[in-house]
Amino acid sequence: MSKTSQIPGFYKLSPKERVQIVKGFANLTDEEVGILQSTGSLPLDLADRMIENVVGAIPIPLGIAVNFLINGKDYLIPISNLATKRLARAWAMVPKEAVGGEEVVDGIVQAYAFAAADPYRAVTHNKGILNGIIAVVIATCNDHRAVEAGAHVYAAISGHYGPLSIWEKNEKGDLVGSIELPMAVGIIGGATRVHPVARAALKILGVKTATGVERSARGRWVGSKSCGAESAGS
C-alpha cells in the first residue's frame, strides 16, 4: 500500500507556508510558533493543545510532524519520548515519627545510598517510584510506556544509572526527599478525553491541564515504596 501526503502538495510548500499549516493544526499564536521554532520542544500549556502524541520533545524541523511525504519521499517521523523540557519535580519532608522513628529514617537514607552507588539497587528503587506514578498515568489514559521509558533513560542521563529520587535526614532527624523526572503527559488527544475511565479519573483528581496530571503523578511518589521503607523498617 503506497503512502500519501496528509496534505496534498505539502512537500512543495516553503518552510514559511508549512509553519502556517502547523499553526492552524494546533491553533497557535505567532508567539507560540516562535517558541517552537527556537526551542524545538513544547511548553506545558501548549502540550494540551497539540496533535495526538506530540506531548514531549520535537527534535525535528517544525512542520514535518503533521505530514509524511517530504520532497516526494516517505519518511519516518522521529518523535522523542524523552521530554527533558517537561521535567516534573517534587519535594517532601516526612516527620520521623510518621515512619517509625529516626532509626527507620537512617535505614531509608542508607537504602538510597545503596541505590546511588549500585545500579542493581537503583532499578528496584526506581521501580518503586514508578509503581505510584504509573498508576496515575494509566488511570488518565496517558502512555505509561513512554513515561516509564523516559524515566529510566533520565535515570542514566549522566552516564551512570542512578535513583530518580534523593532521600536525606535533616538536622531534626526527619526524612527529606526530592524527585525529578520527565513526564510526557497530556489531557487532550488519544483516549484521554473520550474514555469514560480517564474522564472519571481526571474529575476525581480535579485536574484540567497536563500540569495537573503531572502534580497528581509525582504526588504518588511519596506514598509509593520509592523510599525503601519496606526494607528499612523490617
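My numbering puts the first residue of the sequence shown at 1, with every later residue one more than the last. In this text, a Cβ means the ideal position worked out from N, Cα and C, and glycines have one as well.
By the C-beta criterion, the region 133-145 is judged to be in contact with the region 178-186, since at least 3 inter-stretch pairs fall below 8 Å. Around His125, the same chain offers Ala115, Pro163 as residues with beta carbons nearer than 6 Å, after the five sequence neighbours per side are excluded. The C-alpha of His195 lies about 29 Å from the C-alpha of Val153. As the crow flies, the alpha-carbon of Ala139 is around 6 Å from that of Ala198. Distance from the CA of Glu102 to the CA of Ala146, rounded to the nearest whole angstrom, comes to 37 Å. Per DSSP, reduced to three states, the secondary structure at Arg86 is coil, with no helix or strand assignment.
Straight-line measurement puts the Cα of Ala151 at about 15 Å from the Cα of Asn142.
Non-local beta-carbon contacts of Val137 in its own chain, meaning distances under 7 Å to residues more than five positions away in sequence, involve His144, Val147, Val185, Ala217 in chain order. Short of 6 Å from the beta carbon of Val94, and not among the five residues preceding or following it, lie these beta carbons of its own chain, in chain order: Leu175.
Exclusion of the five residues before and after Glu168 leaves Val109, Val176 as the residues of its chain whose Cβ lies within less than 7 Å of its Cβ. Boundaries cannot be given for Gly173, as no beta strand (DSSP E) includes it and DSSP labels it neither H nor E. The C-alpha of Val19 is placed about 32 Å away from the C-alpha of Ile157. Assigned with DSSP and collapsed to three states, Pro182 falls in strand. Residue nearest to Ala83 within the set Ala155, Val33, Glu32 is Ala155 (criterion: CA-CA distance). Distance between Lys16 and Ala200, taken at the CA atoms: about 41 Å. Apart from the 5 residues on each side of it in sequence, Tyr112 sits with its Cβ closer than 6 Å to the Cβ of Trp167 in its chain, given in chain order.
Here Arg86 is buried: its Cβ has 16 or more other Cβ atoms, across all protein chains shown, within 10 Å. DSSP places Val94 within a strand segment (E or B) once states are collapsed to three. Each residue's CA atom was taken as its position, placing Val213 and Ser165 some 19 Å apart.
Residue pairing for Ile166: DSSP places it in a beta bridge opposite Ser178. In this structure, DSSP gives Ser158 a state outside helix and strand, which the three-state scheme calls coil.
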